[in-house]
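Notes for the one structure printed next.
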Amino acid sequence: MIPRDTARLHFRQMTGTDLDAMAGLLGDPEVMRYYPAPKTRDQAAAWITWNQRNYAEHGYGLWIIETLAGDFVGDCGLTWQEVNGVSKLEVGYHVAVRWQGHGFATEAAAACRDFAREHIGVRELIAIVHPDNRASERVAEKIGMYRVEDDDRGGGRQRRLVLSTIL
Numbered sequence: 109m110i111p112r113d114t115a116r117l118h119f120r121q122m123t124g125t126d127l128d129a130m131a132g133l134l135g136d137p138e139v140m141r142y143y144p145a146p147k148t149r150d151q152a153a154a155w156i157t158w159n160q161r162n163y164a165e166h167g168y169g170l171w172i173i174e175t176l177a178g179d180f181v182g183d184c185g186l187t188w189q190e191v192n193g194v195s196k197l198e199v200g201y202h203v204a205v206r207w208q209g210h211g212f213a214t215e216a217a218a219a220c221r222d223f224a225r226e227h228i229g230v231r232e233l234i235a236i237v238h239p240d241n242r243a244s245e246r247v248a249e250k251i252g253m254y255r256v257e258d259d260d261r262g263g264g265r266q267r268r269l270v271l272s273t274i275l
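This is how it looks when you write it as structure tokens:
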């Protein structure tokens, strides 16, 4: 199962053939500005493998998002994350710099929110955002989320904002 196409985007599962595109996306210092570091090619391969496990185990994960013409835009989807010791379903998104600022993250995240509402049967959907990443926070707000708590991650790691919506 994958989200329905939107007005401008198509979703599909990640495969090994996406390694170049995903390594470029997750290795881009601008895309990964709010992460500890950009990912290496091996880490991007592990990212694809992690999502393939999620598809097999849950029926969903982060999907490749492309324009309807087939241009790679990024990834967006649903994964389980731990927030203050509780497992919660998160919508996550990464958009290549070339496509940022055009509403693609919001469009993809809204489609994933709707997919979660229609197919997964959870009550809540969250987004975890770095405190300085206002653009990502705005995406979450545009799909109906509001800030509910902080997650200090324990062990001295960076505090994260948690936004939520009830499905």
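The opening residue of the sequence shown carries number 109 in the numbering used here; numbering runs sequentially from there.
No residue lacks a Cβ here, since even glycine has one placed at the ideal position from N, Cα and C.
Since we're looking at a predicted model, the values are computed, not measured.
Spatial neighbours of Arg141 within its chain, please: CB distance less than 8 Å, with the 5 preceding and 5 following residues excluded, ordered by chain position.
-> Here residue 141 refers to the residue found at position 33 of the sequence shown. Closer than 8 Å at the Cβ level, and outside the excluded window around Arg141, lie Asn241.
Could you name the residues of the same chain whose beta carbon sits closer than 6 Å to that of Arg225, not counting the 5 residues immediately before and after it, in chain order?
-> The sequence position of residue 225 within the sequence shown is 117, counting from 1. For Arg225, where only same-chain residues beyond five positions count, the Cβ hits under 6 Å are Leu275.
Kindly give me the distance between the Cβ atoms of Gly185 and Gly200, rounded to whole angstroms, as I take these residues to be in contact under 8 Å.
-> In the sequence shown, the residue the question calls residue 185 occupies position 77. In the sequence shown, the residue the question calls residue 200 occupies position 92. That pair is a contact at about 7 Å.
Endpoints, the beta strand (DSSP E) within which Thr187 is located | On the sequence shown, position 79 is the one that residue 187 refers to. For Thr187, the enclosing beta strand (DSSP E) starts and ends at Phe180 to Val191.
Would you mind reading off the limits of the beta strand (DSSP E) that contains Ala235?
-> Along the sequence shown, one-based indexing puts residue 235 at 127. Residues Glu232 to Val237.
Could you spell out where the beta strand (DSSP E) holding Glu257 opens and where it closes?
-> On the sequence shown, residue 257 is found 149 positions in, with the first residue counted as 1. Per DSSP, Glu257 belongs to the beta strand (DSSP E) from Tyr254 to Asp259.
Over what stretch of residues does the alpha helix (DSSP H) that includes Thr214 continue unbroken?
-> Reading the sequence shown from its first residue, position 106 is the one you call residue 214. Phe212 to His227 is the extent of the alpha helix (DSSP H) around Thr214.
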